[in-house]
Amino acid sequence: MTDLAVTLPGLALKNPIMPASGCFGFGQEYGRYYDLNELGAIIIKAATKEPRLGNATPRVAETPSGMLNAIGLQNPGIEVIMQEKLPWLAEHYPELPIISNVAGNTEADYVAVCEQISQAPNVHAIELNISCPNVAHGGLEFGTSPEAAATLTKACVAVSQVPVYVKLSPNVTDIRPIAQAVEAAGAAGFSLINTLVGMRIDPKTRQPILANQTGGLSGPAIKTVAIRLIHQVRSISKLPIIGMGGVSTAADALELMAAGANAIAVGTANFSDPFACPKLIAALPDELAKYQLTDLKSFGLPQEGTHD
């Protein structure tokens, strides 16, 4: 029997597969299709201090080999998440580890949400979102500066009761100084990568298709970028990496793990196939068997000890 278990700071995962934040809501809709206990964990929709309606529509557009979105961190706010969403998950999936994605306009916003949501009994880790390309404040303001990223990370780590993973942006010249800065500030690990900034134009109107004009590109088109950035961060850090970007098959997942990821988040693939995650989990043993392996620890992660 193949051992798919992965252990990371704050997270004991029965398998390394989890849905990415923003692509799975809070699990309630997908829970109608399959038992979410099949997942290694879930990363829930971003939580902000106040409820957000998100950006104006249209805010999603198809692209060759991917999609463009400018949702704008729509969510019901920390109070509703604490009072309704997390208790629902605790009631229906008490053993399922939850990673809470946290966003904000200001450092004070991030700190307040981290402090509150990290006290929820079923939140096992925080994913600090300093890389959303679709909001006017916060997000990339913190994610493109090593100094700003480090200051925010340090403040959030100080108040969080669980490990903090920092979600970095691919929309930078060199991701490595930012990764080094957040590691020095106390991050427990990284999430890599968020979407790349893109745009589509309607030839009829000569205007951008998205109301926000630009959006975040995701899907198979960005997998090679994710692999490059995971490899770059792995070359300078031994911290755990939750890899994401264009993963839809077990082969994709192992390719990101070969680059240095310890676990895998699946995003856009959930939209075209709601069973993408369980199918991927079921396919992992056969994919490992191609290399005569029966566990992930033997797959050849470049850094010893990152699973333990």
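Residue numbering for the sequence shown follows full-length UniProt numbering, beginning at 1 and increasing consecutively. Where is the CB? At the ideal position from N, CA and C, for every residue including glycine.
Bridge-paired residues (DSSP) for residue i
i    : result
I89  : Checking the sequence, you will find Leu at residue 89 rather than Ile. BP columns for L89 are empty, so no partner.
N101 : E127
V6   : L13
M18  : A265
L68  : A61, L217
I44  : S100
V166 : L128, F190
V171 : Checking the displayed sequence, the identity of residue 171 turns out to be Asn instead of Val. For N171, which the question treats as bridged, DSSP gives no partner whatsoever.
R52  : N75
Distance between beta carbons of residue j and residue i, contact taken as under 8 Å
i           : j    : result
A188        : L239 : 7 Å
V229        : P170 : A small fix is needed here, since residue 229 is Leu in this sequence, not Val. Confirmed, Cβ separation roughly 6 Å.
Q161        : W88  : The Cβ separation is near 21 Å, so there is no contact.
S65         : G216 : With a Cβ gap of about 15 Å, S65 and G216 do not count as contacting.
residue 309 : T144 : Shown here, the chain extends from 1 to 308; a query on residue 309 therefore has no answer.
A261        : L284 : In fact, because the Cβ distance is near 14 Å, the residues do not count as touching under 8 Å.
I42         : P19  : 5 Å
L36         : L86  : With 8 Å as the limit, L36 and L86 do not qualify as a contact, their Cβ atoms being about 14 Å apart.
N129        : A46  : 6 Å
A70         : T205 : Rounded, the Cβ-Cβ distance is 17 Å, inconsistent with contact.
V166        : F190 : 6 Å
A226        : L192 : 7 Å
T2          : T294 : 5 Å
Proximity winner among the options, relative to residue i (alpha-carbon distances)
i           : options                : result
I78         : G104, L284, E62, E183  : G104
G57         : D3, I209, K49          : A small fix is needed here, since residue 57 is Thr in this sequence, not Gly. Of the listed residues, the one whose Cα sits closest to T57 is I209.
P16         : M244, E29, E141, H92   : M244
residue 324 : T2, R176, I281, Y34    : Summary: the structure shown does not reach residue 324, with the chain confined to residues 1 through 308, and so no result is reported for it.
E107        : A158, A258, Q232, L293 : A158
A258        : D3, G198, L296, A47    : L296
M199        : Q180, L11, K85, N212   : N212
N194        : L140, R206, V123, T249 : L140
S131        : L11, G22, V60          : G22
E38         : I126, P51, K49, K14    : K14
V135        : P94, V197, I175        : V197
I242        : T205, A276, N101       : N101
A12         : A263, E287, I281, M1   : A263
V247        : T268, V233, Q232       : T268
L8          : I99, L73, Q74, I44     : I99
F275        : D174, R59, A221, R32   : R32
H124        : D109, P146, P94        : P94
A176        : I201, S237, G72, P278  : The sequence shown places Arg at residue 176, rather than the Ala named in the question. For R176, the nearest C-alpha among the options comes from S237.
C277        : F271, V266, Q74        : V266
Q51         : G10, D109, E62         : A small fix is needed here, since residue 51 is Pro in this sequence, not Gln. Nearest option by C-alpha distance: D109.
I44         : Q74, A179, F299, L256  : Q74
I222        : L256, R234, Q207, A282 : L256
I201        : F271, V60, V80         : V60
G10         : T2, S118, F271, M1     : S118
D174        : A155, K154, Q232       : Q232
G40         : T48, G72, E62, V6      : V6
Q116        : M82, E127, A90         : M82
L53         : S272, G72, Y291        : G72
P146        : R234, N55, Q180        : Q180
L168        : V80, E127, D273        : E127
V111        : F24, C156, E62         : C156
L4          : D273, A120, A253, T63  : A253
Residue i: CB within 8 Å of a non-hydrogen atom of the ligand SAM
i    : result
K279 : With respect to small molecules bound, the structure shown includes none, and the ligand SAM cannot be examined in it.
Cβ of residue i within 9 Å of any chain C Cβ
i    : result
E287 : Of the chains in the structure shown, none is chain C; there is only one protein chain.
(message) Suppose only complete runs of 3+ residues qualify. What are the beta strand (DSSP E) ranges in the stretch 229-295, listed by chain order?
(response) 241-244, 263-266
(request) Would you be able to state if there are at least three C-beta pairs under 8 Å between the stretch 172-189 and the stretch 138-154? (result) yes
(message) Report the start-end ranges of each beta strand (DSSP E) in the stretch 182-221 that is 3 residues or longer and not cut off at the edges.
(response) 189-192, 196-198, 215-218
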